[in-house]
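Residue numbers (full-length UniProt numbering): 1 to 157.
Beta carbons are placed, not taken as given, at the ideal position from N, Cα and C, and that holds for glycine.
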């Protein structure tokens with residue numbers, strides 16, 4: 001959810017609002033799954049991204065039982081037919097990680113020219129895989145192709 005807030009900043013609150021992103025974002029529903037135990041190499045607590053209350057529904061599984069915390073009227077209507085007992089459900093969040101990460105408040109622009117990036121740029125085959133790994137990544141190639149017979153029709157790749 002924290003990464004979505006960053007992407008919202010880019011596409012909705014960064015001078016120019018992207019109407020296509022806005023339309024999709026308004027229709028999206030977000031279901032949170034709790035994470036009560038840290039895993040190897042996790043550093044969400046250091047990034048302060050381990051907790052959120054920005055979700056439409058929360059799902060908690062305890063053995064064979066599934067518990068829901070639904071904050072969205074539309075989703076509530078869908079699940080209302082289940083006729084189950086009402087139970088208070090609170091999201092589980094990681095409280096500490098073995099890995100601690102410290103990020104400086106200000107990064108200098110010279111970091112962009114660091115040799116550390118050379119290996120990655122040399123191996124890049126423009127597959128887009130990094131977009132799936134980095135939740136706030138907007139690094140991708142996009143081209144608008146317009147057809148000669150009608151300049152108002154085309155496609156985006």
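(Q) Any contact between the stretch 37 to 50 and the stretch 84 to 100? By contact I mean 3 or more CB pairs, one from each, below 8 Å. (A) yes
Under 9 Å between the Cβ atoms of residue 136 and residue 6? yes
| field | Coarse secondary structure for residue 74, derived from DSSP in three states | value | helix
Give the single residue among 45, 29, 28 and 27 whose Cα lies nearest to the Cα of residue 35.
45
- Message: Looking at the strands, I want to know which residues DSSP matches up with residue 101.
- Response: For residue 101, which the question treats as bridged, DSSP gives no partner whatsoever.
**Prompt:** Between the Cα of residue 86 and the Cα atoms of 28, 149, 65 and 133, which residue gives the shortest distance?
**Reply:** 65
- Got a sec, what are the start and stop residues for the alpha helix (DSSP H) residue 32 sits in? Run containing residue 32: none in the alpha helix (DSSP H); it sits in the beta strand (DSSP E), 31 to 33.
Requested in this report: Look at the alpha carbon of residue 61 and the alpha carbon of residue 31, and state the distance between them as a whole number of angstroms.
Outcome: 13 Å
Requested in this report: Verify the contact flag: residue 137, CB atom, against every heavy atom of the ligand NAD, threshold strictly below 8 Å.
Outcome: Of ligands this structure carries none, so the ligand NAD is not represented either.
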